[in-house]
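Take a look at the structure set out below.
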Amino acid sequence: AQTVTQSQPEMSVQEAETVTLSCTYDTSESDYYLFWYKQPPSRQMILVIRQEAYKQQNATENRFSVNFQKAAKSFSLKISDSQLGDAAMYFCAYYGNKLVFGAGTILRVKS
Amino acid sequence: NAGVTQTPKFRVLKTGQSMTLLCAQDMNHEYMYWYRQDPGMGLRLIHYSVGEGTTAKGEVPDGYNVSRLKKQNFLLGLESAAPSQTSVYFCASSPTMTSGVFSAAYEQYFGPGTRLTVT
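Structure, rendered in structure tokens:
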């Protein structure tokens with residue numbers, strides 16, 4: 011079965027600084043998709059960024075980018091120029107034939 | 018578009034009571050899902066549906082039943098609530114999985130969640 015591990019229960023970053031959230035996963039499949047979701051206090055799950063495993067190029071969405079290392083089964087999220095609105099729980103998720111979530115990382119942004 | 022909506026937003030039940038959570042989507046999505054979110058465990062799949070009239074078990078299906086009588090609705094039922102079912106429940110939907118090229122085919126759109134407490 012596929013598993014997703016987020017080893018950082020909590021992270022803190024100063025406003026305008028850069029932070030990287032870690033995610034590793036375990037799978038025997040070669041074709042899959044990876045996602046980062048943001049969950050603010052409102053509880054709404056918001057898709058931040060997606061990565062197709064067959065693409066070598068790392069996905070980027072404005073201030074959010076990933077470092078996808080397929081051989082290492084690693085999928086980290088980098089947030090640049092952190093803003094107060096980035097404070098939330100972040101979930102890494104793997105999709106092979108169903109979506110599997112990590113336990114989440116709480117990101118706190120200090121002003 | 019309202020996207021994915023869930024009813025109710027909050028509910029408190031006594032042990033043994035029953036209830037139904039309603040999920041509705043207006044995006045004409047084929048796939049719909051029910052998850053539960055517990056502290057320190059992320060979201061776990063309860064049941065899902067790949068189309069009207071079909072349902073399948075997910076990772077944690079025990080104690081729940083579902084029905085998909087209409088394409089736009091996916092109902093989650095608790096026949097006899099237990100304190101272990103205290104959780105936040107999320108519904109999600111996604112387009113067909115048969116797209117040849119990935120675009121949003123595997124992206125799930127989530128509802129706002131329902132906080133259920135069983136005492």
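Chains as they are written, first to last, in my numbering: chain A, 11 to 121; chain B, 18 to 136.
Where is the CB? At the ideal position from N, CA and C, for every residue including glycine.
Predicted model only: the values in this text are computed from it and were never measured.
- request: Have a look at residue 57/B and residue 113/A and give me their C-alpha separation to the nearest angstrom.
  value: 5 Å
query: Are the CB atoms of residue 104/A and residue 35/A nearer to each other than 7 Å?
result: yes
task: Look at the Cβ atom of residue 90/B, then the Cβ atom of residue 19/B, and state whether they are nearer than 7 Å.
output: no
field: Exposure label - residue 76/A; buried when at least 16 CB within 10 Å
entry: buried
query: Going along chain B in order, which residues have a C-beta closer than 8 Å to the C-beta of residue 78/A?
result: Here the premise fails: no neighbours, minimum Cβ distance about 15 Å.
field: Uninterrupted beta strand (DSSP E) stretches inside the segment 67-133 of chain B (no shorter than 3 residues)
entry: 71-74, 82-84, 90-95, 104-111
- prompt: In whole angstroms, what separates the C-alpha of residue 61/B from that of residue 32/A?
  reply: 20 Å
message: Measuring alpha carbon to alpha carbon, tell me which residue in 88/A, 14/A, 93/A, 73/A is nearest residue 44/A.
response: 14/A
message: Less than 7 Å between the beta carbons of residue 30/B and residue 105/B, yes or no?
response: no
Buried or exposed by the 16-neighbour rule on C-beta atoms within 10 Å, applied to residue 118/A: exposed
message: Please state whether the Cβ-Cβ distance between residue 129/B and residue 54/A is less than 7 Å.
response: yes
- prompt: Counting along the chain, where does the beta strand (DSSP E) carrying residue 62/A start and finish?
  reply: 56-62
field: Residue of 84/A, 65/A, 16/A, 91/A minimising C-alpha distance to residue 73/A
entry: 91/A
task: Can you pull the chain A residues whose beta carbon is under 7 Å from the beta carbon of residue 125/B, in chain order?
output: 109
task: Report all residues from its chain with a CB closer than 7 Å to the CB of residue 85/B; omit the five preceding and five following residues, and keep chain order.
output: 49, 66, 69, 70, 71, 72, 91
message: Using only the alpha-carbon positions, how far apart do residue 43/B and residue 109/B sit?
response: 12 Å
Outcome for residue 56/A when other beta-carbon atoms lying within 10 angstroms are tallied against a minimum of 16: exposed
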